[in-house]
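Following: one structure in structure tokens, then a few remarks.
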Amino acid sequence: MFFQQLAEGLGAGAGYAALALALVLAYRFTGIVNFAQGELALLATYVAWQLVDSGLPYWAALPVTVAVAFTAGMLTERVLIRRVESAPGPISPVVATIGLYVLVNALAALVWSSALRAFPSPFPDAPAGLAALAAAGLAGLVLGALALVVRHTGLGLVMRAVAADPRTARLSGIRVGQVAALGWGAASAVGALSGVLLAPSLFLEPAMMTGVLVYAFAAAVLGGFDSAPGAVAGGLIVGVTETLCGTYLAFVGADLKIAVPLVLIVAVLLLRPRGLFGTAPVERA
Amino acid sequence: MNAVAAGHRRLPVGHEAGDRRPDWPWRRTSLALVASAAVVLPFTLPPYRLFQLTLVLVYTVALLGLDLVVGRSGRLSLGHGAFFGVGAYTSAVLIAQFGVPYPLTMPAAALATFGLGWAAGRPALRLRGLYLAMVTFAVAVVLPPLLKRLAGLTGGAMGLTVPAPEGLLGLDDDQWVYFLVLMVTAAAFAGMRGLAGSRPGRALTALREHPAAAETLGIRAATHMTAAFAWSAMYAGVAGALYTWTAGFVSPDSFTLALSITLLAGVVIGGLGTLAGPVLGAFAVLAVPAVAQEFDPAAPGIVSGLLLLLIVYVAPAGLAGLLRRTLWGLLRRRA
Numbered sequence: 400m401f402f403q404q405l406a407e408g409l410g411a412g413a414g415y416a417a418l419a420l421a422l423v424l425a426y427r428f429t430g431i432v433n434f435a436q437g438e439l440a441l442l443a444t445y446v447a448w449q450l451v452d453s454g455l456p457y458w459a460a461l462p463v464t465v466a467v468a469f470t471a472g473m474l475t476e477r478v479l480i481r482r483v484e485s486a487p488g489p490i491s492p493v494v495a496t497i498g499l500y501v502l503v504n505a506l507a508a509l510v511w512s513s514a515l516r517a518f519p520s521p522f523p524d525a526p527a528g529l530a531a532l533a534a535a536g537l538a539g540l541v542l543g544a545l546a547l548v549v550r551h552t553g554l555g556l557v558m559r560a561v562a563a564d565p566r567t568a569r570l571s572g573i574r575v576g577q578v579a580a581l582g583w584g585a586a587s588a589v590g591a592l593s594g595v596l597l598a599p600s601l602f603l604e605p606a607m608m609t610g611v612l613v614y615a616f617a618a619a620v621l622g623g624f625d626s627a628p629g630a631v632a633g634g635l636i637v638g639v640t641e642t643l644c645g646t647y648l649a650f651v652g653a654d655l656k657i658a659v660p661l662v663l664i665v666a667v668l669l670l671r672p673r674g675l676f677g678t679a680p681v682e683r684a
Numbered sequence: 183m184n185a186v187a188a189g190h191r192r193l194p195v196g197h198e199a200g201d202r203r204p205d206w207p208w209r210r211t212s213l214a215l216v217a218s219a220a221v222v223l224p225f226t227l228p229p230y231r232l233f234q235l236t237l238v239l240v241y242t243v244a245l246l247g248l249d250l251v252v253g254r255s256g257r258l259s260l261g262h263g264a265f266f267g268v269g270a271y272t273s274a275v276l277i278a279q280f281g282v283p284y285p286l287t288m289p290a291a292a293l294a295t296f297g298l299g300w301a302a303g304r305p306a307l308r309l310r311g312l313y314l315a316m317v318t319f320a321v322a323v324v325l326p327p328l329l330k331r332l333a334g335l336t337g338g339a340m341g342l343t344v345p346a347p348e349g350l351l352g353l354d355d356d357q358w359v360y361f362l363v364l365m366v367t368a369a370a371f372a373g374m375r376g377l378a379g380s381r382p383g384r385a386l387t388a389l390r391e392h393p394a395a396a397e398t399l400g401i402r403a404a405t406h407m408t409a410a411f412a413w414s415a416m417y418a419g420v421a422g423a424l425y426t427w428t429a430g431f432v433s434p435d436s437f438t439l440a441l442s443i444t445l446l447a448g449v450v451i452g453g454l455g456t457l458a459g460p461v462l463g464a465f466a467v468l469a470v471p472a473v474a475q476e477f478d479p480a481a482p483g484i485v486s487g488l489l490l491l492l493i494v495y496v497a498p499a500g501l502a503g504l505l506r507r508t509l510w511g512l513l514r515r516r517a
């Protein structure tokens, strides 16, 4: 029983970790918390559902979905974010992402209706606990590949340069705008993974990613908002905590599990604001 | 926007404090017109229109509060729908379950939401960045299931029905509520106006425009921001209590994340850091979805999302800025 719960927590945690990583990536490249990240993932998940529904096998639909998400993320950065990036304060770009959130959510409801839809599991024949663990493994594989690209390729070096210091990166001849768009594309692709992993257990509907976004915030804050490995670790911790609290704390139950990330966020902000793996910010006027 | 204000003149606490923004043309005349319209309208409008007008005023109070965070402090709150809901439920539970006379429920709602705002703002506002937006987002998502869970007190998913305040001075019930709401709205405006030139108000401007410099001058960011946020949550809570008196019914699904987003959209669409913005924004977010609803159930979301994006890109000063520019343009052409 306990191990079953643990496995399910890790499975859910992999989904949260993916979305948290997406948030952290977008934040690293542009300094913006993308409130529409969950909705971009929702869009990708609906695309995946549509593809599978029209007869494409699951493992063929997945790469197409990720490609669609990548394009959507890049377009968001190029079309929406770039235009408001230079506005004073972080308010305008974030309000723009909230506008996008509302818009995408309503569009999804318009195109696919707000009905609950069953989404295929990647491992339909495995028992629930094992399937959750396998999903977590799949997420780990993709995130590992991403880490390899970022650490060990020329492109990864360029991306890290832009994330570390956009101005200096621009002075050394890097096309910062393009790299930031690439970063948002990668973020959106990773986010799509989160939607696809969580949809079998949550059921696909327009409001699906709203709760997940709260978990992802908690994961990113717990890991440190500027740390990619932190987001992954945070996601797993949040997933396990949430599942165990929902099972073993009577007051929490299934319907108040969503309060767990709120408590976690507040606790982290009070006790260790920079998160587990984050760096403390340095002020320079 | 960086023009330095002359000498000892106090800076306005506007979205672009430091600029010398022209006042509205015909300031007194238009204020007098608006005030007399506000007094005459309840006697001429049919009941449903009057209900809508009262709701606009209720939203105006909440938006005035939200503007204190978004417009004047430069932080985002996605939780004002939740504070609104807590205020509404405080009032509803006190009236329906404990038989408290309705006028007393407003201070109770104010107190509850002030405390809640302080508790939510304190951990997030010690730090820079968008932590406040994330914490309040989580609060907004958690409130409806929490209200459903506390069914013994809140009536659960069914909600609570509250008797409407009885009309006094020969007014109908709904007219009486309208004037109550109007009085509170006027007081809310007076409060915000007083803040603009006051020491805390200017401290907020300094913190928004240049946090490091402000702190060097001895302005404590965490203290001022948290106080502003708590006041702002209190405005939303008071608006919630007014909502209960107006609508006579509360249910958890009235106070979801969607309400918080609607309020944020209202304050951005109306115009940040202005006094006219909240009224215009309240009109916009109540009228636009109602009209769009006629076409398709998904249309309000699409229209609101597009409107929000449009404002951010095309008219960052919101409807208030657009209106003021238009009026001045007309005036100049005549001169």
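Chains A and B, in that order, are what the protein sequence lines are. FYI, in the numbering used here the residues of the first sequence are 400 to 684. FYI, in the numbering used here the residues of the second sequence are 183 to 517. Cβ coordinates follow ideal geometry from the N, Cα and C atoms, glycine included.
Report task. Quick one: which unbroken alpha helix (DSSP H) runs of 4-plus residues sit fully inside the segment 523–601 of chain A? Chain order, please. Result -> The segment 523–601 of chain A contains, as complete alpha helix (DSSP H) runs of 4+ residues, the segments 527–551, 553–563, 565–570 and 575–601 (chain order).
Query raised in the report: Should residue 482(B) go down as buried or exposed, given a rule of 16 or more other Cβ atoms within 10 Å for buried?
Result: Residue numbering aside, residue 482(B) sits at position 300 when the second sequence is read from its first letter. Residue environment analysis places residue 482(B) among the buried positions, since at least 16 neighbouring C-beta atoms fall within 10 angstroms of its C-beta.
Requested in this report: May I ask you to report which of helix, strand or coil DSSP gives residue 432(B)?
Outcome: Counting from 1 along the second sequence, the entry for residue 432(B) is found at position 250. Annotated three-state conformation of residue 432(B) is strand, per DSSP.
Query raised in the report: With distances taken between CB atoms, is the gap from residue 423(B) to residue 272(B) smaller than 8 Å?
Result: Mapped onto the second sequence, residue 423(B) falls at position 241. Mapped onto the second sequence, residue 272(B) falls at position 90. Yes, the pair counts as a contact, with Cβ atoms nearer than the cut-off.
Requested in this report: Select from 279(B), 310(B) and 259(B) the residue whose C-alpha is nearest the C-alpha of residue 302(B).
Outcome: On the second sequence, residue 302(B) is found 120 positions in, with the first residue counted as 1. Comparing Cα-Cα distances from residue 302(B) to each of 279(B), 310(B) and 259(B), the minimum goes to 259(B).
Requested in this report: Can you check DSSP and say which residues form a bridge with residue 603(A)?
Outcome: Within the first sequence, residue 603(A) is the residue found at index 204, counting from 1. For residue 603(A), DSSP records a beta bridge to 516(A).
Query raised in the report: Is residue 237(B) helix, strand or coil by DSSP?
Result: For the purposes of this step, residue 237(B) is taken as the residue at position 55 of the second sequence. Helix at residue 237(B).
Query raised in the report: What is the rounded straight-line gap between the Cα of residue 369(B) and the Cα of residue 340(B)?
Result: Position 187 of the second sequence holds residue 369(B). Position 158 of the second sequence holds residue 340(B). Approximately 33 Å, taken between the alpha carbons.
Query raised in the report: Whose CA, out of 417(B), 497(B) and 297(B), lies closest to the CA of residue 454(B)?
Result: The residue you call residue 454(B) lines up with position 272 of the second sequence. Per the Cα distances, 497(B).
Query raised in the report: Leaving out the 5 sequence neighbours to the left and right, which residues in its chain are closer than 6 Å to residue 415(A) when beta-carbon positions are compared?
Result: On the first sequence, position 16 is the one that residue 415(A) refers to. These residues qualify, in order along the chain: 614, 615, 618, 634, 637 and 638.
Query raised in the report: What residue does the alpha helix (DSSP H) around residue 508(A) start on, and which one ends it?
Result: Stepping through the first sequence from its first residue, residue 508(A) is reached at position 109. Membership of residue 508(A) in the alpha helix (DSSP H) is indicated by the continuous run 490–511.
Requested in this report: From the DSSP output, in three-state form, read off residue 669(A) for me.
Outcome: Taking the first residue of the first sequence as 1, we reach residue 669(A) at position 270. Correct three-state label for residue 669(A): helix.
Query raised in the report: Excluding the five sequence neighbours on either side, which residues of its own chain have a C-beta within less than 6 Å of the C-beta of residue 523(A), listed in chain order?
Result: For the purposes of this step, residue 523(A) is taken as the residue at position 124 of the first sequence. If we look at residue 523(A) and ignore the five residues flanking it on each side, it has no Cβ neighbours.
Query raised in the report: Between the Cα of residue 652(A) and the Cα atoms of 327(B), 300(B), 289(B) and 276(B), which residue gives the shortest distance?
Result: As a first step, residue 652(A) is located in the first sequence; it is residue number 253 there, counting from the start. The shortest C-alpha separation from residue 652(A) is found at 327(B).
Query raised in the report: Using the rule of at least 16 other Cβ atoms within 10 Å of the residue's Cβ for burial, across every protein chain shown, is residue 230(B) buried or exposed?
Result: As a first step, residue 230(B) is located in the second sequence; it is residue number 48 there, counting from the start. With fewer than 16 other beta carbons inside 10 angstroms of its own, residue 230(B) counts as exposed.
Requested in this report: Compare the beta carbon distance of residue 670(A) and residue 437(A) with 8 Å and say whether it is the shorter of the two.
Outcome: Start at 1 with the first residue of the first sequence, and residue 670(A) comes out as number 271. Start at 1 with the first residue of the first sequence, and residue 437(A) comes out as number 38. If you check the CB distance, residue 670(A) and residue 437(A) do not come in under 8 Å.
Query raised in the report: Measuring CB to CB, does residue 413(A) end up less than 8 Å from residue 587(A)?
Result: Mapped onto the first sequence, residue 413(A) falls at position 14. Mapped onto the first sequence, residue 587(A) falls at position 188. Not a contact, by the Cβ cut-off of 8 Å.
Requested in this report: Express the C-alpha separation of residue 630(A) and residue 291(B) in angstroms, rounding to a whole number.
Outcome: On the second sequence, residue 291(B) is found 109 positions in, with the first residue counted as 1. On the first sequence, residue 630(A) is found 231 positions in, with the first residue counted as 1. Rounded to the nearest angstrom, the two C-alpha atoms are 38 Å apart.
Requested in this report: Leaving out five residues on either side along the sequence, give the residues of the same chain with a beta carbon under 6 Å from the beta carbon of residue 225(B).
Outcome: Here residue 225(B) refers to the residue found at position 43 when the second sequence is read from its first residue. There are no such residues.
Report task. Whole angstroms is fine: what's the gap from residue 561(A)'s alpha carbon to residue 312(B)'s? Result -> Translated into the one-based positions of the first sequence, residue 561(A) becomes position 162. Translated into the one-based positions of the second sequence, residue 312(B) becomes position 130. Taking the straight line from one Cα to the other gives about 21 Å.
Query raised in the report: What's the gap between the Cα of residue 509(B) and the Cα of residue 580(A)?
Result: For the purposes of this step, residue 509(B) is taken as the residue at position 327 of the second sequence. For the purposes of this step, residue 580(A) is taken as the residue at position 181 of the first sequence. About 40 Å.
Query raised in the report: At a CB-CB cut-off below 8 Å, which residues of chain B make contact with residue 660(A)?
Result: On the first sequence, position 261 is the one that residue 660(A) refers to. Chain B residues near residue 660(A): 320.
Requested in this report: With distances taken Cα to Cα, identify the nearest neighbour of residue 337(B) among 513(B), 382(B) and 274(B).
Outcome: Taking the second sequence and counting its residues from 1, one reaches residue 337(B) at position 155. The residue with the shortest Cα to Cα distance from residue 337(B) is 274(B).
Query - chain B residues whose Cβ lies nearer than 8 Å to that of residue 494(A) - result: By one-based count along the first sequence, residue 494(A) stands at place 95. Under the 8 Å cutoff, chain B gives 258, 446, 450, 490 and 494.
Query raised in the report: residue 424(A): which of 656(A), 527(A), 567(A) and 622(A) sits nearest, CA to CA?
Result: Within the first sequence, numbered from 1, the residue matching residue 424(A) stands at position 25. Minimum Cα-Cα distance from residue 424(A) among the listed residues 656(A), 527(A), 567(A) and 622(A) corresponds to 622(A).
Requested in this report: Please confirm whether residue 443(A) and residue 594(A) have their CB atoms less than 8 Å apart.
Outcome: One-based indexing of the first sequence puts residue 443(A) at position 44. One-based indexing of the first sequence puts residue 594(A) at position 195. For residue 443(A) and residue 594(A), yes; Cβs fall inside 8 Å.
Report task. With DSSP collapsed to three states, give me the class of residue 621(A). Result -> The residue you call residue 621(A) lines up with position 222 of the first sequence. Helix, per DSSP.
Query raised in the report: residue 567(A) to residue 477(A), Cα distance in whole Å?
Result: Here the question's residue 567(A) lines up with position 168 in the first sequence. Here the question's residue 477(A) lines up with position 78 in the first sequence. Their backbone Cα atoms lie some 21 Å apart in a straight line.
Query raised in the report: chain B partners of residue 501(A), CB-CB under 7 Å?
Result: Reading the first sequence from its first residue, position 102 is the one you call residue 501(A). Neighbourhood of residue 501(A) in chain B, by CB distance below 7 Å: 443, 483, 486, 487 and 490, in chain order.
**Report entry** CB contact below 8 Å: residue 491(A) versus chain B
**Finding:** If you number the first sequence from 1, residue 491(A) lands on position 92. At least one C-beta of chain B is nearer than 8 Å to the C-beta of residue 491(A).
Query raised in the report: Using the rule of at least 16 other Cβ atoms within 10 Å of the residue's Cβ for burial, across every protein chain shown, is residue 356(B) buried or exposed?
Result: What you label residue 356(B) is simply residue 174 of the second sequence in a count that begins at 1. Residue 356(B) comes out buried.
Requested in this report: Counting only the same chain and skipping the five closest in sequence on each side, list residues whose C-beta sits under 7 Å from that of residue 610(A).
Outcome: As a working mapping, residue 610(A) is identified with position 211 in the first sequence. Excluding sequence neighbours, residue 610(A) sits near 657.
Query - DSSP three-state assignment for residue 366(A), whether helix, strand or coil - result: Here chain A has residues from 400 to 684 only, and residue 366(A) is not among them.
Query raised in the report: If you measure from the beta carbon of residue 483(A) to each beta carbon in chain B, is any gap under 8 Å?
Result: The residue given as residue 483(A) occupies position 84 in the first sequence. Closer than 8 Å to some Cβ of chain B, the Cβ of residue 483(A) qualifies, so yes.
Query raised in the report: With burial defined as no fewer than 16 other Cβ atoms inside 10 Å of the residue's Cβ, what is the status of residue 486(B): buried or exposed?
Result: Position 304 of the second sequence, counting from 1, holds the residue named residue 486(B). If you draw a 10 Å sphere on the C-beta of residue 486(B), you find 16 or more other C-beta atoms in it, and that means buried.
Report task. Taking residue 357(A) as the reference, give the member of 464(A), 647(A) and 527(A) with the closest Cα. Result -> A question about residue 357(A) goes unanswered here, because the residues of chain A that appear run from 400 up to 684.
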